[in-house]
Every structure is written in structure tokens, then in C-alpha cells.
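**Q**
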Amino acid sequence: MSDDSIYDDINLTKRKTITNGAKYDFYIFKMLSLEKKHSDGKFGKGDTVISQIKNYRLQDDESEEMLDVKLKCSKKIDDSMNGFDPKDSKKIFDKCLKELVKRGLVKV
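Here our numbering is used: the first residue of the sequence shown is -12, the next is one more, and so on.
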């Protein structure tokens, strides 16, 4: 597996792997800084998890392919979105996604 940091300021990393004998490249976007910004510090710190939301892609500059994007978020916001009162955390998560779409993320 190879790890290439694409943009340091927006925490986007490209991973190159081989899964079941086939090449599988994807991006990981660490959303912690966006969570912290949109939640006034309530979220965006502590342990991280890969979000359940997996329907986004980003175009690779090298191969021109649309690669899958895995969203790495704080465990706190992920747990909150699946908890009893997910309204606030979902609103913050949606704000983060809207900002990512402005940066080239595409919903599929």
C-alpha cells in the first residue's frame, strides 16, 4: 500500500492498494478540521472512524479516473449521527460535505 499526501491543507490522501489481485486506488479525506470549524469545537477531535457514507468520488489528476472517497470523521460525530438526537451532528456533517463538494467531491 502506498500513501501519497495530495493537499496538506485539506487533509486529502491517496491510497494505492491491490485488493484480490486487482488494483484499487482511493482517497481518504480527514474531516476533523472541517468538523471543528463548523461545530465551534464540539466535534473534530479524538478518535477517528471511516464514515458509513461511501457514495462520493473525486477525480484523480494522474489517471483521470473517478476514485472512491472514504470520509474519515471523528468517532464522536459518527456516534452522535447514529444516536438518539442526531439532528445537530447531521447538520454539521452536511455542512462539511457541502464544503467538500465545492472542492471537487462528486456524489454518485
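C-beta atoms are modelled at their ideal positions from N, C-alpha and C, and glycine is treated no differently.
1) Do the segment 21 to 34 and the segment 45 to 59 meet, that is, are 3 or more Cβ pairs less than 8 Å apart?
2) Alpha carbons only, please: which of Tyr14, Gly8, Ile5 is nearest the one belonging to Asp55?
3) Starting from Asp48, trace the beta strand (DSSP E) in both directions and tell me its first and last residue.
4) Classify Asp65: buried if its beta carbon has 16 or more other beta carbons within 10 angstroms, exposed otherwise.
5) Do Lys57 and Ile79 count as a contact pair if the criterion is CB distance below 7 Å?
6) Asn42 and Lys17 look like a contact to me (Cβ under 8 Å); what is the Cβ gap, rounded to whole Å?
7) For Ser26, I'd like the list of residues in its chain whose CB is within less than 7 Å of its CB, leaving aside the five on either flank, ordered along the chain.
**A** Checking against the coordinates, here is how it stands:
1) Too few Cβ pairs lie closer than 8 Å, so no.
2) Across the set Tyr14, Gly8, Ile5, the C-alpha of Tyr14 shows the shortest separation from the C-alpha of Asp55.
3) Under the DSSP assignment, Asp48 falls outside any beta strand (DSSP E); it carries neither an H nor an E label.
4) Buried.
5) Not closer than 7 Å, so no.
6) About 18 Å separates the beta carbons of Asn42 and Lys17, which is beyond the 8 Å limit, so they are not a contact pair.
7) Taken in chain order, the residues that qualify are Ile79.
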